[in-house]
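In what follows, a single structure is set out as structure tokens and then discussed.
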Amino acid sequence: MRRFSRDRLTAVLMLLPSLVVLAIFVYGFIGQTAYVSFTDWGRDPAQALAVSPQLNFVGWDNYQRLFTGLLESRFRQDLVNLVFFTVFFIVGSLGLGLALAILLDRGVKGEAFFRTIFLYPFALAFIVTGTVWRWMLQPQGGVNLLPTYLGLPRGEFAWLTSREQVWRFDWNQVPSITAGIVAVVLLWIAWGALRRAQHGQAFGFAIVGLALAAWGLAGGPGVELLPFPERRGFNLALIGVIIAAVWQMSGYTMALYLASLRGIPEELREAARVDGASGFQVYRHVVFPLLGPITLSAMIILGHISLKIFDLIWAMAGPDLATTSVPALLMYLRAFRGNQFADGAAIAMVLLLMVALVIVPYLWSSLRGEVRR
Amino acid sequence: MRRLLAVLIAVGMSVVAANEVEVFHWWAGDEGPALQALIEVFEEQYPEITVNDAAVTGGAGVVARAVLRTRMLGGQPPDTFQVHAGDELILTWVVADRMEDLTFLFEEEGWLDVLSPDLIELISTPEGIWSVPVNIHRSNVMWYVPENLEQWGVEVPETWDAFLEICPTLQAEGVTPLSLGEAWTVVHLWESVALAAMGPDQYSQLWTGQLPFDSPAGVEAWELFGEILECTNPDASGLSWQQATDLVVDGEAAFNVMGDWAAGYMYTTLELEPGTGFGWAASPDTEGVFMVLSDSFGLPRGAPNRDNAIAWLRVSGSLEGQDTFNPIKGSIAPRLDSDLDLYNAYLQDAAADFAVDRQVGSLMHGTVGSDPFRDNFFLALDVFYDTGRNAQAAASAAQAVALQFGVGR
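Residue numbers (my numbering), protein chains in the order written: chain A, 1 to 373; chain B, 1 to 409.
Here it is, written out as structure tokens:
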């Protein structure tokens, strides 16, 4: 008994320093940022950079302006850019990484050589990747000159400098669209519960999901973000940034997939082949399902890299090119160039919330899994 | 907690270097040697003081200014820092009561008699004088290569109308009439165009809030700006200002509007002779007006080595200091008694203009317009592009920014 408590005491003492440091430098500062985002820090130039600034509480005002203010249209486009960038970046990195991993796994000659080559870009800093790709994507040269080596006319796509926008929608539809997406997720959960024969749970999720879907289909009555339509969409200039990011990170997902593929016992594949499965069917019914967990992990890792992306875009397009900008860039400029510290803090909190949406369910499910084990 | 950290860092630093002066700035690359020369002058006069050359480079000063803000807010000011004379100094640091009044220094050194009153007004409020200007750059200059113009058979346009007339001729030759770079150079062009469209009186009234940005004159400026953009290179947003200058030097573009650091770049880096290798004129419709921007050094309250910082400021404002720094930097000295024989042909010409021209302030380079205004002014550009160059929309956006953040003093 005595020994047990001494053990515990030692453990607590050993953990204490990192707990204190974590509490101050992570959670303390998150708290401070949250507080600042509810103040007017920066609106009065005399207070913005004063020795001890007088901050006034303004509630949700900063957030409201970001989402509905006339002057904050750049934030909204940045947010749209970020969502498109994240989706294409994750899909691209996973797809390319998986393809490379399967190719290598099939026993190519010089596998170690190719593996190293594919993995190298991951070792670079985003700032380096960005600088290199900025040069390659210059409209007058680089990638656009490639076709000329094959005797074709040179490429004309403007890459980073394009101002074209596709898949345009009205910002006012965002609540309806969000409701629709959430509804689909809820209905999917309900379907899962139904298959596990948890009827009560399935019923609950289905009701909420259907209600949201109905609200969304009705055009989201009761919410008006802007008094006028504001067109937002996917900027083609982002394609270049996505290519660079995928180039950098697909080697990493390849390594993850390759490790996972090597972890699949050969007996399983053999058993499938004995049962008459074709090559494709082995992948479809045996290999891919076993890659599920690693795909989820890769998505989480890529997702939070993507939401925080800053240096790549800074290097590729500079701070003021609105077509490729993301909220992290805007946060930096607002706070440290424009002295609008409260606005910067509010953007930071929006980003934190988005990252939390990605990370927390993952942590929750993996922790629950550990306890069960 | 913050104070404790500050004390710890201060103690740590004072142990390392007992007698130094930390000079915080963003001059590097082509601009680095100029400050190095100034440091040498300083160390000759004050051999007992070591200069801590605290350069923070990147993003044309954006990164340095971000670092400076965090240091000031963290209670760790440098001994002296580079700041643009004008509203960037006054509306960011002076209104927040972070600077020391330097009137005593100006009186001791007799600077009130050797600096132009217009310039002193830029760095002053009724409460005092707040920094020591070390150089003068001109924003509204148009650059070209004389030989190339001859070959294409065009003259240097004195008005934007004349420019718009020769624009199709040049385009037919496969030449970009006006080269342009990334976003900030677009704002740089805008200020010259706005000055041209509105004239110096109305342009100056923008920055005192007497004239709204969406006034008829303001909208006209955007209309002219839109016509001029038709004559620029489509890949502008991917180019640095040096690359935009290169287009002119390489004969791919006819003209470029850039501040006169471009002369320094062409003279020092590209080794072209002023007058023959490259030519210059005031940007169209702005002859007789000098759009000024000036780098200066200030003395923050709580500077750890205040006396050494004052010594640095004395050297920065001295004739020897300025005439050593500026010929290398490619700028003219703010002092009117500077020895022009030390300067190249372009700079002598600029100095002659500076002495007689009407002076107005540059928005992009901190002379006029508060930091929040400038930061958000890019919105007006975005609106302009997004609406298919709708002048009224852009002007309204600029005015909305002005209302929200305040323009100037």
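Cβ atoms here follow ideal geometry from the backbone N, Cα and C, with glycine treated the same way.
Computed from a predicted structure; not experimentally measured.
### Query
Around the C-beta of B:D307, are 16 or more other C-beta atoms found within 10 angstroms, so that it is buried, or is it exposed?
Exposed is the label assigned to B:D307, since fewer than 16 other Cβ atoms lie within 10 Å of its Cβ.
### Task
Taking only beta-carbon positions, decide if A:F404 is within less than 9 Å of chain B.
Residue 404 of chain A is absent from the model: chain A starts at 1 and stops at 373.
### Query
Apart from the five residues just before and just after A:P139, which ones in its own chain have a Cβ nearer than 7 Å to its Cβ?
Residues A158, W159 and T161 of the same chain have their beta carbon placed closer than 7 Å to that of A:P139, with the five preceding and five following residues left out of the count.
### Within chain B, partners of A:P147 - CB distance below 7 Å
Chain B residues near A:P147: none, gap ~18 Å exceeds 7 Å.
### Query
How big is the Cα-Cα spacing for B:I49 and B:V21?
One C-alpha to the other measures close to 7 Å.
### Three-state secondary structure (DSSP) of B:L293
In this structure, B:L293 counts as strand in the three-state DSSP scheme.
### Task
Determine the burial state of A:Y120: buried for a count of at least 16 other Cβ atoms within 10 Å of its Cβ, exposed for fewer.
That one is exposed.
### Message
Using the three-state DSSP reduction, which class does A:E111 fall into: helix, strand or coil?
### Response
In the structure shown, A:E111 sits in a helix (DSSP, three-state: H, G or I).
### Task
Could you tell me whether any Cβ in chain B is nearer than 9 Å to the Cβ of A:N339?
Chain B, which has a Cβ nearer than 9 Å to the Cβ of A:N339, makes this yes.
### Task
Give me the Cα-Cα distance between B:P177 and B:G251, rounded to the nearest whole angstrom.
Near 10 Å, if we compare the C-alpha coordinates of B:G251 and B:P177.
### Query
Among residues of its own chain, excluding the 5 on either side of B:V424, which ones have a beta-carbon nearer than 6 Å to its beta-carbon?
There is simply no residue 424 of chain B to check, as chain B begins at 1 and stops at 409 in what is shown.
### Task
Could you check the C-alpha separation between A:V12 and A:A23 for me, to the nearest Å?
The C-alpha of A:A23 is placed about 15 Å away from the C-alpha of A:V12.
### Beta carbon proximity, A:F336 to chain B, threshold 9 Å
Nearest CB-CB separation between A:F336 and chain B: below the 9 Å threshold.
### Task
Would you verify that the beta carbon of B:A391 is, or is not, closer than 9 Å to some beta carbon of chain A?
Not one chain A Cβ lies under 9 Å of B:A391.
### Query
What in chain A is Cβ-close to B:R65, meaning under 9 Å?
In chain order: F336 and R337.
### Task
To the nearest angstrom, report how far apart B:H84 and B:K329 are at their CA atoms.
Going by the C-alpha atoms only, they are around 15 Å apart.
### Task
Check B:L115 in the structure and name its three-state DSSP category.
B:L115 falls in the strand class under three-state DSSP.
### Beta-carbon proximity of B:H137 to B:W241, cut-off 9 Å
Contact: no.
### Task
Could you have a look at B:V154 and say whether DSSP puts it in helix, strand or coil?
Residue state, collapsed to three classes: coil.
### Task
Please name the residue in A:L98, A:M349 and A:W60 whose C-alpha comes closest to that of A:R262.
Considering only alpha carbons, the answer is A:L98.
### Task
Mind checking which residues open and close the beta strand (DSSP E) that includes B:M258?
A253 to M258 is the span of the beta strand (DSSP E), which, as asked, contains B:M258.
### Task
Would you mind giving the Cβ-Cβ distance between B:Q348 and B:V134, rounded to the nearest angstrom? I have them listed as a contact below 8 Å.
Between B:V134 and B:Q348 the Cβ distance is about 19 Å, and since that is not below 8 Å, they are no contact.
### Query
Counting along the chain, where does the beta strand (DSSP E) carrying B:N52 start and finish?
Boundaries of the beta strand (DSSP E) harbouring B:N52: T50 to A55, taken from the DSSP string.
### Message
So if DSSP puts B:I129 in a beta bridge, which residue, or which two residues, is it bridged to?
### Response
In the DSSP output, where bridge partners are listed per residue, B:I129 has B:S124.
### Task
Would you identify the three-state DSSP class for B:Q404, choosing helix, strand or coil?
When secondary structure is reduced to three states using DSSP, B:Q404 falls in the helix class.
### Query
How many angstroms separate the CA atom of A:Y149 from the CA atom of A:G240?
Those two C-alpha atoms are separated by around 21 Å.
### Query
Cβ of B:Q82 less than 9 Å from any chain A Cβ?
Contacts with chain A at 9 Å (Cβ-Cβ) do not include B:Q82.
### Task
Anything in chain B within Cβ reach of A:L71, meaning under 7 Å, just list it in chain order.
In chain order: N376, L379, A400, V401 and Q404.
### Nonlocal neighbours in the same chain, by C-beta distance under 8 Å from B:L336, ignoring five residues either side
Only V114, L115, S116 and A355 meet the Cβ criterion.
### Message
I'd like to know whether the C-beta of A:A317 is nearer than 9 Å to at least one C-beta of chain B.
### Response
Residue contact with chain B for A:A317: present (Cβ-Cβ distance below 9 Å to some residue of chain B).
### Task
Count the CB pairs spanning the stretch 161-174 of chain A and the stretch 223-231 of chain A that are closer than 8 Å, and state whether there are at least three.
Look at the beta carbons and you see the stretch 161-174 of chain A touching the stretch 223-231 of chain A: at least three pairs across the two are nearer than 8 Å.
#### Entry: Span of the beta strand (DSSP E), counted from its first residue to its last, around B:D250
That residue, B:D250, is in no beta strand (DSSP E); it is neither H nor E in DSSP.
### Query
Can you check whether the CB of B:L363 is closer than 9 Å to the CB of B:W207?
Cβ distance < 9 Å, so B:W207 and B:L363 count as in contact.
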